[in-house]
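Enquirer: Structure in structure tokens, see below.
Numbering (full-length UniProt numbering), first residue to last: 1 to 257.
As structure tokens, this is what we get:
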């Protein structure tokens, strides 16, 4: 049986890569941004990349250059090396691993974890990042859900952690925005054909494409639809007509009591 997305993911907005703002020394996916999101009462969305030694690191990009005081692929550094590399725009904190973040959040707010595609072209996964994430989550008691753009990764998560809610991160898959993918792959993924095969509990869809009939058909059938990435109050108002919750950044989404 497919697990239900915890209700908490539909009741508080989710801070995209945590409540980041480098003007306040809070880089993306940093401990500082996570602490700020919790203090404000928001849920948190984070990203995972794999270290050289098979650990789940909380970091968005495949390379270090944009976000950290380092260069080159994340996958060419060990966990301890990555934890020692300061994030750009922060106060010297290194890149956290998933265990660090789980200890910090400790079930206080919903935590949405996106696993980045590790193999290119949304292909078959070797399961290493999925296993690292599931292992780190052992014993974690708070509201948590896992997701990935790669449906094969979501299917692997269903196999490894059948009781944990998981979903597909979905998109309009405009080939101009996805130049790393063959157009045929974009055409296939656009229709969300793997929702049932992957054992998904929800989707998180590109906000500008929420009116797509396939997305709304899923929602009308009872599938929770989250969306990414909302960057203003006006965008949020528009998105909430077609989605059950938002992932936001660059403004403060209103909290409802």
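Where is the CB? At the ideal position from N, CA and C, for every residue including glycine.
Looking only at its own chain, which residues have a Cβ that is under 6 angstroms from the Cβ of residue 233, when we skip the five neighbours before and after it?
Expert: Excluding positions up to five away in sequence, the list is empty.
Enquirer: Can you look up residue 174 in the DSSP assignment and give me helix, strand or coil?
Expert: Of the three classes helix, strand and coil, the one that applies to residue 174 here is coil, per DSSP.
Enquirer: Just verifying my parser: in three-state terms, what is the DSSP assignment at residue 108?
Expert: In the structure shown, residue 108 sits in coil (DSSP, three-state: anything other than H, G, I, E or B).
Enquirer: Secondary structure at residue 49, three-state DSSP: helix, strand or coil?
Expert: Three-state DSSP puts residue 49 in a strand.
Enquirer: For the beta strand (DSSP E) containing residue 204, name the first residue and the last one.
Expert: Its beta strand (DSSP E) spans residues 202 to 206.
Enquirer: Three or more C-beta pairs closer than 8 angstroms, one from the stretch 89 to 99 and one from the stretch 122 to 136: is that the case here?
Expert: Yes: at least three Cβ pairs fall under 8 angstroms.
Enquirer: Assuming the contact rule is C-beta atoms closer than 8 angstroms, residue 185 and residue 142 should be a hit. Round their C-beta distance to whole Å, please.
Expert: The pair is not a contact, with the Cβ atoms about 35 angstroms apart (cut-off 8 angstroms).
Enquirer: Give me, in chain order, the residues of the same chain whose beta-carbon lies closer than 8 angstroms to that of residue 90; leave out the 5 immediate sequence neighbours on both sides.
Expert: Result list for residue 90: 22, 25, 26, 27, 30, 32, in chain order.
Enquirer: State the beta-bridge partners of residue 63 as determined by DSSP.
Expert: Looking at the DSSP assignment, residue 63 forms a beta bridge with 73.
Enquirer: Please name the residue in 176, 59, 49, 150 whose C-alpha comes closest to that of residue 204.
Expert: It is 150.
Enquirer: Taking buried to mean at least 16 other C-beta atoms within 10 Å of its own C-beta, is residue 220 buried or exposed?
Expert: Exposed, by the Cβ-count rule.
Enquirer: Nearest by alpha-carbon distance to residue 156: which of 101, 211, 123, 78 is it?
Expert: It is 123.
Enquirer: On the DSSP letters alone, give me the boundaries of the alpha helix (DSSP H) that residue 153 sits inside.
Expert: Run containing residue 153: 151 to 160, per the alpha helix (DSSP H) assignment.
Enquirer: For the stretch 77 to 84 against the stretch 171 to 190, are there 3 or more C-beta pairs whose distance is under 8 angstroms?
Expert: Verdict: no, contact absent.
Enquirer: If you draw a straight line from the alpha carbon of residue 247 to that of residue 207, how long is it in whole angstroms?
Expert: Rounded to whole angstroms, residue 247 to residue 207 spans 9 angstroms at the Cα level.
Enquirer: Helix, strand or coil for residue 57 per DSSP?
Expert: It is a strand residue.
Enquirer: Throw me the rounded Cβ distance for the residue 242 and residue 216 pair, which I believe falls under 8 angstroms.
Expert: Indeed they touch by this definition, with Cβ atoms about 7 angstroms apart.
Enquirer: So, at 8 angstroms on beta carbons, what are the nonlocal neighbours of residue 120 in its own chain, with the 5 sequence-adjacent residues on each side left out?
Expert: Same-chain partners within the cutoff: 180.
Enquirer: Once the 5 residues before and after residue 61 are set aside, which same chain residues still bring their CB inside 8 angstroms of it?
Expert: Once the five neighbours on either side are set aside, the close Cβ partners of residue 61 are 49, 67, 74.
Enquirer: In the DSSP assignment, the alpha helix (DSSP H) including residue 132 goes from what residue to what residue?
Expert: From DSSP, the alpha helix (DSSP H) with residue 132 extends over 128 to 136.
Enquirer: In whole angstroms, what separates the C-alpha of residue 167 from that of residue 70?
Expert: Approximately 32 angstroms, taken between the alpha carbons.
Enquirer: Assuming residue 19 and residue 8 are in contact, meaning their beta carbons sit under 8 angstroms apart, how far apart are those beta carbons, in whole angstroms?
Expert: The Cβ separation is near 17 angstroms, so there is no contact.
Enquirer: Under DSSP, the beta strand (DSSP E) around residue 34 begins and ends at which residues?
Expert: First-last for residue 34: 31 to 40, but that is the alpha helix (DSSP H), not the beta strand (DSSP E).
Enquirer: Buried or exposed, going by whether 16 or more other CB atoms sit within 10 Å of the CB of residue 38?
Expert: It is buried - the Cβ of residue 38 has at least 16 other Cβ atoms within 10 Å.
Enquirer: Could you say which of 249, 140, 93 lies nearest to residue 107 if we only look at CA atoms?
Expert: For residue 107, the nearest C-alpha among the options comes from 140.
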